[in-house]
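Engineer:
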Ligand SMILES: *[C@@H]1O[C@H](CO)[C@@H](O)[C@H](O)[C@H]1NC(C)=O
Ligand SMILES: *[C@@H]1O[C@H](CO)[C@@H](O)[C@H](O)[C@H]1NC(C)=O
Ligand SMILES: *[C@@H]1O[C@H](CO)[C@@H](O)[C@H](O)[C@H]1NC(C)=O
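Numbering (mature numbering (1 follows the signal peptide of the UniProt record, and there is no 0)), first residue to last: -27 to -1, 1 to 453.
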């Protein structure tokens, strides 16, 4: 009896020890986990041999055009390289053999993603991964092209600093001097009294031959993320508008859990793009739980992502390799043949890159909401119906409060480039009535609308005040 009891006690003790060890391991970040697992054992020669052989096949048989059927393969290879990279990077101070294998893996990575900039230590992939400062966070915005974008960038910078008092550092990227001339960079910098604003010419970071970033306003975005000195990147379009301090994006639970947080487009045009859905289903061979929840994937709605705001933690290898895939989709040949043909701009390339490389990610819970102006009409049966209309798509946080919307503070940026007006209502999860052309407002019906809170109204009013001051400044820049 005594013996049995002590055996039970011992077993309980061992189980508890095992439990706490497992707890400890799972509570560590990925890096620690790797080093705990591999500090006492090195990767065996057999495995090193295998990595070298497989890496060499990637180099010998590169992915070439046509690219339409290669998205899955590029994802598979990225996931392989990620795995090898994870195994080897903790062995970097190991033997010459390990070094040699790591350089083979680097070579395989560069053959897959030729845009990775060369580095003086011969380890371009590692250099790009370790580029950011540890623990850094910031906002990245690509600005360039038509003057109206530069104006919107000014609005956003001014709102970030003066309406929200947000002190996150800012990186503004552009594609060469003509894209964002010095006089505009100076004007934008003058809006930021914190001095935490830097400008990055992407043509000086990447060899532009296979990218041709100046020719397209969207393609620069994933490259801006890769080049960023921030580990945690809040990527924003210059015409995005915030209703809460942008730093709140880094605190949203889906971001904290996955390191990749995306926003939905409008739920529209079901079954209208057969070819697009066939292609998605052909290339995504093992859908993730996140994709299984998508109504684009399961019910053939047309558009999945509004990429006006994307939140990414590049310090997570999963996310970093996902962004490499996204960037690949936005290289000139791939986007011209596939990405911008089958889908619209960079929108869908974000989740697709994460999905195809096996990274966890999460979308906002709801599809895009409507923020605009409410009107009431009597319908045929005499009942009153309400609709809310505008040109924008709004997005809510995890509590269901408004977070941001796309398309600038202007009421109608295409027709009246100087008319500001604060919207009065918003609706979630209703039915979209899409305007016939880009010149017509879209509306949402069939769901109860909410008035803007006093605080939301106040934030937008102050943002518009800032925007008008920026407009005056920008006019003076154009004249000189
Ligand atoms: C190496 O690759 C071969 C062939 O793919 C496989 O059979 C073997 O199990 C691998 N060895 C190790 C140690 O991974
Ligand atoms: C996704 O859904 C399909 C079909 O319902 C199911 O077979 C599959 O197991 C699901 N996958 C995940 C990862 O949830
Ligand atoms: C907001 O995004 C949608 C979808 O990408 C787009 O059609 C619409 O024009 C955008 N709104 C504005 C005002 O730019």
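No residue lacks a Cβ here, since even glycine has one placed at the ideal position from N, Cα and C.
Starting from the Cα of residue 78, find the closest Cα among 55, 87, 150 and give me that residue.
Structural biologist: Of the candidates 55, 87, 150, the one whose C-alpha sits nearest the C-alpha of residue 78 is 55.
Engineer: Should residue 10 go down as buried or exposed, given a rule of 16 or more other Cβ atoms within 10 Å for buried?
Structural biologist: Any reading at residue 10 must be qualified, since the residue scores a pLDDT of 44, below 50, and its modelled position is unreliable; the value itself is stated next. Burial call: exposed.
Engineer: Let me check you understand the geometry: is the CB of residue 366 closer than 7 Å to at least one non-hydrogen atom of ligand 4?
Structural biologist: Ligands in the displayed structure: ligand 1, ligand 2 and ligand 3; ligand 4 is not one of them.
Engineer: Would you check if the distance between the CB atom of residue 240 and the CB atom of residue 399 is smaller than 8 Å?
Structural biologist: Result no, Cβ atoms of residue 240 and residue 399 do not sit closer than 8 Å.
Engineer: For residue 51 versus residue 294, is the C-beta distance shorter than 8 Å?
Structural biologist: It is a contact, given that the beta carbons lie within the stated cut-off.
Engineer: Between residue 454 and the rest of its own chain, which residues show a CB-CB distance below 7 Å, the 5 nearest in sequence each way excluded?
Structural biologist: Residue 454 is absent from the model: the chain starts at -27 and stops at 453.
Engineer: According to DSSP, which residues form a beta bridge with residue 440?
Structural biologist: In DSSP, residue 440 forms no bridge with anything.
Engineer: Measuring from the CB of residue 238, is there a heavy atom of ligand 3 at a distance below 7 Å?
Structural biologist: Indeed, a heavy atom of ligand 3 lies less than 7 Å from the Cβ.
Engineer: Is it a yes or a no for the region 305 to 317 touching the region 40 to 47, going by three-plus beta-carbon pairs under 8 Å?
Structural biologist: Taking 8 Å as the limit for Cβ pairs, the verdict is that the region 40 to 47 does touch the region 305 to 317.
Engineer: Quick one: residues in its chain with C-beta nearer than 6 Å to the C-beta of residue 145, no 5 flanking neighbours on either side, listed in chain order?
Structural biologist: Around residue 145: 114, 116, 172.
Engineer: DSSP on residue 393, reduced to helix/strand/coil?
Structural biologist: DSSP places residue 393 in strand when its eight states are reduced to three.
Engineer: When you measure from the CB of residue 381 to every non-hydrogen atom of ligand 3, does any distance come out below 7 Å?
Structural biologist: Under cutoff, so the answer is yes.
Engineer: For the beta strand (DSSP E) that residue 304 lies in, which residues bound it at each end?
Structural biologist: From DSSP, residue 304 is part of no beta strand (DSSP E); its letter is neither H nor E.
Engineer: Residues in its own chain within less than 6 Å of residue 124 by CB, not counting five upstream and five downstream?
Structural biologist: The answer, listed in chain order, is 447.
Engineer: Please confirm whether any heavy atom of ligand 3 lies closer than 7 Å to the CB of residue 41.
Structural biologist: Checking the Cβ of residue 41 against ligand 3 gives no.
Engineer: Run the CB neighbour count on residue 229, radius 10 Å, all protein chains shown included, and call it buried at 16 or more, exposed below.
Structural biologist: Result: exposed.
Engineer: Take residue 433 and list the residues in its own chain whose beta-carbon comes closer than 6 Å to its own, dropping the five residues that flank it on each side.
Structural biologist: Excluding positions up to five away in sequence, the list reads 395.
Engineer: Could you please give me the residues that DSSP links to residue 416 through a beta bridge?
Structural biologist: Answer is 362, 406, bridged to residue 416.
Engineer: Can you check the region 17 to 59 for any alpha helix (DSSP H) of at least 4 residues that lies completely inside it and give the ranges in chain order?
Structural biologist: Runs found: 18 to 33.
Engineer: Could you check the C-alpha separation between residue 84 and residue 26 for me, to the nearest Å?
Structural biologist: Those two C-alpha atoms are separated by around 15 Å.
Engineer: Along the chain, where does the beta strand (DSSP E) that runs through residue 288 open and close?
Structural biologist: Element bounds for residue 288: n/a, residue is neither H nor E.
Engineer: Between residue 349 and the rest of its own chain, which residues show a CB-CB distance below 6 Å, the 5 nearest in sequence each way excluded?
Structural biologist: Counting only Cβ-Cβ distances below 6 Å, and skipping sequence neighbours, we find 357, 359.
Engineer: Suppose the cutoff is 7 Å on Cβ atoms and the five residues either side in sequence are ignored; what does the same chain contact list for residue 326 look like?
Structural biologist: The residues are 295, 296, 298, 299, 302.
Engineer: When DSSP labels each residue in this structure, what does residue 113 get in the three-state scheme?
Structural biologist: Strand.
Engineer: Among 379, 409, 428, which one has its Cα closest to the Cα of residue 397?
Structural biologist: Of the listed residues, the one whose Cα sits closest to residue 397 is 428.
Engineer: Relative to ligand 3, is the shortest distance from any of its heavy atoms to the C-beta of residue 386 smaller than 7 Å?
Structural biologist: Checking every heavy atom of ligand 3 against the Cβ of residue 386, one is found closer than 7 Å.
Engineer: If you measure between the beta carbons of residue 166 and residue 202, is that distance less than 8 Å?
Structural biologist: Going by C-beta atoms, residue 166 is not nearer than 8 Å to residue 202.
Engineer: What alpha helix (DSSP H) runs, 4 residues minimum, are completely inside the region 167 to 223?
Structural biologist: Counting whole runs of 4 or more residues, the region 167 to 223 contains the alpha helix (DSSP H) stretches 175 to 178, 193 to 200.
Engineer: Answer yes or no: the CB of residue 413 versus the heavy atoms of ligand 3, is any distance below 7 Å?
Structural biologist: Outside the cutoff, so no.
Engineer: Along the chain, where does the alpha helix (DSSP H) that runs through residue 153 open and close?
Structural biologist: Residue 153 -> no alpha helix (DSSP H), and no H or E assigned at all.
Engineer: By a C-beta neighbour count over all protein chains shown, 10 Å radius and 16 as the cutoff for buried, is residue 323 buried or exposed?
Structural biologist: Buried: at least 16 other Cβ atoms inside 10 Å.
Engineer: Please find out if some non-hydrogen atom of ligand 3 comes closer than 7 Å to the beta-carbon of residue 212.
Structural biologist: The answer is yes for residue 212.
Engineer: What are the partner residues of residue 237, as DSSP defines its beta bridges?
Structural biologist: 278, per the DSSP bridge assignment.
Engineer: Any heavy atom of ligand 3 within a distance shorter than 7 Å of the CB on residue 279?
Structural biologist: Correct: residue 279 has its Cβ closer than 7 Å to ligand 3.
Engineer: So, are the CB atoms of residue 337 and residue 369 less than 8 Å apart?
Structural biologist: Taking 8 Å as the Cβ cut-off, residue 337 and residue 369 qualify as a contacting pair.
Engineer: By a C-beta neighbour count over all protein chains shown, 10 Å radius and 16 as the cutoff for buried, is residue 445 buried or exposed?
Structural biologist: It counts as exposed.
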